[in-house]
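A.B. asks:
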């Protein structure tokens with residue numbers, strides 16, 4: 146769609162290049178992992194128009210990724226269900242219109258996000274065409290981009306075509322700094338457990354849907370396997386009282402089987418930015434399709450994502466030092482439909498398969514494990530039954546979507 150943006154013209158709205166000093170609003174309100182993906186759009190806009198004024202409207206759960214983000218000049222945090230409160234909506238309209246936004250980008254393209262864009266008074270409201278755009282979004286947004294089947298980050302960057310722009314090279318993921326409290330909690334935990342030099346394997350069970358959760362006892366067994374092969378410890382970042390109790394039980398059971406000295410630890414109950422601090426020090430992050438693995442993958446850090454009901458080619462690691470693995474895959478796009486599914490697909494994924502893929506990823510930076518075993522580094526599929534969605538190369542703390550060896554999006 147780099148020629149004439151036919152869908153935009155069909156609605157009577159010609160692509161209009163961004164002006165210097167443009168006033169831009171992004172309306173990605175919810176889904177924490179999707180907010181991570183949408184931050185690449187903010188970085189692209191900042192690179193295209195460094196002097197622009199960029200704002201973002203977000204709901205509470207994802208707000209730690211937005212509030213204080215150095216890419217942004219303005220942010221507005223809304224409670225979930227805000228549309229049910231007329232006074233709040235009127236106040237939002239007044240506040241957004243006072244900022245003078247002329248262009249909005251709606252990577253969420255649902256009713257609530259497109260209503261916010263419409264309330265802002267932006268005259269150019271870019272969103273996805275029907276299909277990716279749902280509910281009222283294709284009506285309220287007046288420049289529609291038809292996304293190509295692709296990774297969600299590239300689809301999101303494709304919204305720039307609605308204003309006649311292309312994503313610049315080197316788009317990266319920028320995140321706010323954690324609070325002093327989170328920094329102290331993380332540094333104290335790592336020092337206490339002898340992990341302050343980094344190099345541990347971080348397990349992020351995550352996910353609020355049973356269909357996406359790999360059982361915690363299997364993470365514990367994975368930690369035992371990685372310890373045997375690499376000699377490295379594994380913290381588990383479990384959130385919420387129930388999940389933390391289950392993680393402790395899994396750790397105790399693994400120590401009963403493999404010895405009391407098994408270096409498997411429960412990380413502190415951290416906020417989103419605290420978990421990101423743990424991610425930055427990890428030699429490998431392992432988890433389901435959820436916030437922590439999307440952050441690790443977006444930062445181009447070694448990441449292994451476990452899939453069951455979502456599409457690895459669409460939301461899996463975008464860089465070649467990440468990979469996905471699954472045993473049974475039933476792709477379901479609707480979050481509501483996924484919430485009704487059970488854990489059967491995840492239960493089919495056994496520890497040896499995940500361990501083998503984890504060792505393959507670790508071998509890229511460390512050609513031999515501590516046990517002296519060579520691990521094959523075959524490009525392509527992440528496992529014998531997984532799609533070819535990431536292998537080869539190495540990454541750092543800054544991701545880049547430029548053409549080259551570090552990105553599979555080029």
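Numbering (the working numbering), first residue to last: 146 to 555.
Cβ coordinates follow ideal geometry from the N, Cα and C atoms, glycine included.
Given the structure is predicted, the values throughout are model-derived calculations rather than measurements.
When you compare the stretch 190 to 205 with the stretch 480 to 488, are there three or more beta-carbon pairs, one atom per stretch, that lie closer than 8 Å?
C.D. replies: No, the stretch 190 to 205 does not touch the stretch 480 to 488.
A.B. asks: By DSSP, does residue 427 sit in helix, in strand, or in coil?
C.D. replies: The residue you call residue 427 lines up with position 282 of the chain shown. Correct three-state label for residue 427: strand.
A.B. asks: To the nearest angstrom, how far is the alpha carbon of residue 270 from that of residue 172?
C.D. replies: Translated into the one-based positions of the chain shown, residue 270 becomes position 125. Translated into the one-based positions of the chain shown, residue 172 becomes position 27. Cα-Cα distance, rounded: 10 Å.
A.B. asks: Can you tell which of 502, 474, 500 has the C-alpha that lies nearest to the C-alpha of residue 493?
C.D. replies: As a working mapping, residue 493 is identified with position 348 in the chain shown. Closest by alpha carbon: 474.
A.B. asks: In the DSSP assignment, find the alpha helix (DSSP H) that holds residue 328 and state where it starts and stops.
C.D. replies: Along the chain shown, one-based indexing puts residue 328 at 183. Taken as a continuous stretch (DSSP letters only), the alpha helix (DSSP H) holding residue 328 covers 325 to 337.
A.B. asks: Check whether the stretch 164 to 179 and the stretch 319 to 330 are in contact - that is, three or more C-beta pairs closer than 8 Å.
C.D. replies: Verdict: no, contact absent.
A.B. asks: Quick check: what's the CA-CA separation for residue 221 versus residue 273?
C.D. replies: On the chain shown, position 76 is the one that residue 221 refers to. On the chain shown, position 128 is the one that residue 273 refers to. Taking the straight line from one Cα to the other gives about 22 Å.
A.B. asks: Buried or exposed: residue 130, going by 16 or more other Cβ atoms within 10 Å of its Cβ?
C.D. replies: Shown here, the chain extends from 146 to 555; a query on residue 130 therefore has no answer.
A.B. asks: Using a threshold of 7 Å, state whether the C-beta atoms of residue 367 and residue 470 are closer than that.
C.D. replies: Translated into positions along the chain shown, residue 367 becomes position 222. Translated into positions along the chain shown, residue 470 becomes position 325. Not a contact, by the Cβ cut-off of 7 Å.
A.B. asks: For residue 287, count neighbouring C-beta atoms within 10 Å of its own C-beta (all shown protein chains included) and say buried if the count is 16 or more, exposed if not.
C.D. replies: The sequence position of residue 287 within the chain shown is 142, counting from 1. That one is buried.
A.B. asks: Which term fits residue 327, buried or exposed, when burial requires 16 or more other beta carbons within 10 angstroms of its beta carbon?
C.D. replies: Against the chain shown, residue 327 aligns to sequence position 182. Buried, because 16 or more other Cβ atoms sit within 10 Å of the Cβ of residue 327.
A.B. asks: According to the Cβ coordinates, are residue 216 and residue 188 closer than 7 Å?
C.D. replies: Taking the chain shown and counting its residues from 1, the one referred to as residue 216 is at position 71. Taking the chain shown and counting its residues from 1, the one referred to as residue 188 is at position 43. A contact, by the Cβ cut-off of 7 Å.
A.B. asks: Excluding five sequence neighbours on each side, which residues of the same chain lie with their C-beta closer than 7 Å to the C-beta of residue 363?
C.D. replies: Stepping through the chain shown from its first residue, residue 363 is reached at position 218. 496.
A.B. asks: Going by C-alpha distance, which of 371, 376, 308 is nearest residue 339?
C.D. replies: Your numbering for residue 339 matches position 194 in the chain shown. With distances taken between Cα atoms, residue 339 lies closest to 376.
A.B. asks: Name the one or two DSSP bridge partners that residue 347 has.
C.D. replies: In the chain shown, residue 347 corresponds to position 202, counting from 1. BP columns for residue 347 point to 430.
A.B. asks: Measuring only the C-alpha atoms, how far is residue 570 from residue 440?
C.D. replies: Residue 570 lies beyond the stretch modelled for the chain, which goes from 146 to 555, so this question has no answer here.
A.B. asks: State yes or no: is the C-beta of residue 390 within less than 7 Å of the C-beta of residue 209?
C.D. replies: Working through the chain shown from its first residue, we reach residue 390 at position 245. Working through the chain shown from its first residue, we reach residue 209 at position 64. No; because the gap between Cβ atoms is not below 7 Å, this pair is not in contact.
A.B. asks: At the level of alpha carbons, what is the spacing between residue 105 and residue 278?
C.D. replies: No information on residue 105 is available, as it lies outside the stretch 146 to 555 that the chain covers here.
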